[in-house]
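For the sequence shown, the residue numbers in our numbering are 47 to 279. The block underneath contains the structure these notes are about, expressed in structure tokens.
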Amino acid sequence: MKFSNVLIALRDHWGITVLTALGTVLIFTNLGRDYLWEDEGDTAALAVNILKFGVPKAWDGSAFLDSDHGARLNKDLVMVTHPWVQYYVAAASFLVFGQNTFAARFPFAVAGWMSIPLVYFFLWRFTRSRLIGFSAAALLTFSVQFLFHVRQCRYCALNLALICWLFWAFFKMKSARDCALFVIPAVLLFHSHPYGLAPVVALGGLSLVYAPLKTQRRWIWFAGPAIALLTLP
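See the structure below:
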């Protein structure tokens, strides 16, 4: 993209540029200051063990991480009741930045921060209204609940960014390539948290009953089996 085009884009979408900059301050300031709370610590500890064993084991040879009276572990003491994407994301951050609180939260904060422009550009392209896109992104940026959850070492921020991607891909789904780009966030949503399939099911059901979505209905018949194949095991 030419520099002049970048300047034009910034001029036309100055509102989301300001919001994104503000979101950077609100999300990343003092990100590593406070200690990890219980669930964050659980995610981080399993991520550390991924660096040692390649899988989220609850036993590292000296310390045992347990909850639910061991119900979430298999016979090899590997976490099996919660999908693993969040653990591998945290492990990758530890590999790059070292094992510290900031590194534990950083990739999730990035996912949450990305949700701000994603919400804006999705609604702008869908409604052709910058005001609607800006309003939605502003509500997100100034939401205390949003800021609270995206500053945690947990799957919440991943789910939000993936849902934005999912909706964008769904309403653009008019080819095999678009269908593949819908399947990817759908599968990643499940592997972040099983409830992540709820919006996938909702969009699939909507395409079957809402006439204007007949193009999406055609491709959902291909996307559905692919998503099932990659999540049921």
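Quick reminder that beta carbons are idealized off the backbone N, C-alpha and C, glycines included.
Listed in chain order, the alpha helix (DSSP H) elements of length 4 or more contained wholly in the segment 91-162 are 131-143. At a Cβ-Cβ threshold of 8 Å, ASN120 and ASP106 do not count as neighbours. When only Cα atoms are considered, TYR133 and LEU259 end up about 36 Å apart. The criterion of a C-beta distance shorter than 8 Å is satisfied by PHE110 and ALA104.
Around the Cβ of HIS115, a 10 Å sphere holds fewer than 16 other Cβ atoms; the residue is exposed. For the pair ILE178 and LEU186, the CB atoms are not nearer than the 8 Å cut-off. DSSP, read as helix, strand or coil, puts PHE188 in coil. For TRP214, the secondary structure class from DSSP, reduced to helix, strand or coil, is helix. Ranking LEU77, ASP58, LEU206, ILE230 by CA distance to the CA of LEU164 puts LEU206 first.
Counting along the chain, LYS220 sits inside no alpha helix (DSSP H), nor does DSSP assign it H or E at all. Counting along the chain, the unbroken alpha helix (DSSP H) around GLN262 starts and ends at 260-277. Between the C-alpha atoms of ILE273 and VAL229 there is a straight-line separation of about 6 Å.
Here PHE213 is buried, its C-beta having at least 16 other C-beta atoms within 10 Å.
Counting other Cβ atoms within 10 Å of its Cβ, ASP88 reaches 16 or more and is therefore classed as buried. Per DSSP, reduced to three states, the secondary structure at THR89 is helical.
In the three-state reduction of the DSSP assignment, HIS59 falls in the coil class.
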